[in-house]
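Please read the structure below before turning to the comments.
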Amino acid sequence: MMNNNELKSFFAKEAQPLQGDEWFSRKVINRLPEKKNRKAQGVMLVTFLLAFLIGGVLYLSIFDSLFETAITLHTILIYITFITVTGIMFYQMVKFADQ
Numbered sequence: 003m004m005n006n007n008e009l010k011s012f013f014a015k016e017a018q019p020l021q022g023d024e025w026f027s028r029k030v031i032n033r034l035p036e037k038k039n040r041k042a043q044g045v046m047l048v049t050f051l052l053a054f055l056i057g058g059v060l061y062l063s064i065f066d067s068l069f070e071t072a073i074t075l076h077t078i079l080i081y082i083t084f085i086t087v088t089g090i091m092f093y094q095m096v097k098f099a100d101q
């Protein structure tokens, strides 16, 4: 078994000279994954959670008033809007989680 000094001297003697490939580093850098911005991810997560919380409260308050009044076109449009916005937010949250 070789120790560190023996390995260093072995590799120093047996090392092949590097060929100057100027495109190597650029190719490697282009294939590296992008850096993730942790602060932006935290802000997005807090924003999504607040939006879900506010949307849930509004949804429950409108749902509660549904039984007190007659169903009108206005209430149907409100429910369609809430369902659509909730679906879009859920889709964005799933996309955000995959990053």
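Heads up: take any position in the sequence shown, counting from 1, add 2, and you land on this note's numbering. Cβ coordinates follow ideal geometry from the N, Cα and C atoms, glycine included. For clarity, every value in this text was computed on a predicted model and none was experimentally measured.
Could you name the residues of the same chain whose beta carbon sits closer than 8 Å to that of V87, not counting the 5 residues immediately before and after it, in chain order?
G57
Measure the Cβ-Cβ separation of I80 and I64 and say whether it is below 8 Å.
yes
Are the Cβ atoms of F92 and Y61 separated by less than 8 Å?
no
To the nearest angstrom, how far is it from the Cα of A72 to the Cα of A53?
Taking the straight line from one Cα to the other gives about 28 Å.
Would F50 and M4 be called neighbours here (beta carbons separated by less than 8 Å)?
no
Straight-line Cα distance separating L9 from E16
For E16 and L9, the distance between alpha carbons rounds to 10 Å.
What residue range does the alpha helix (DSSP H) around N6 cover?
6 to 16
Can you tell me which of the three DSSP states T88 falls into?
helix
What do you reckon, are the CB atoms on F13 and M46 nearer than 8 Å?
no
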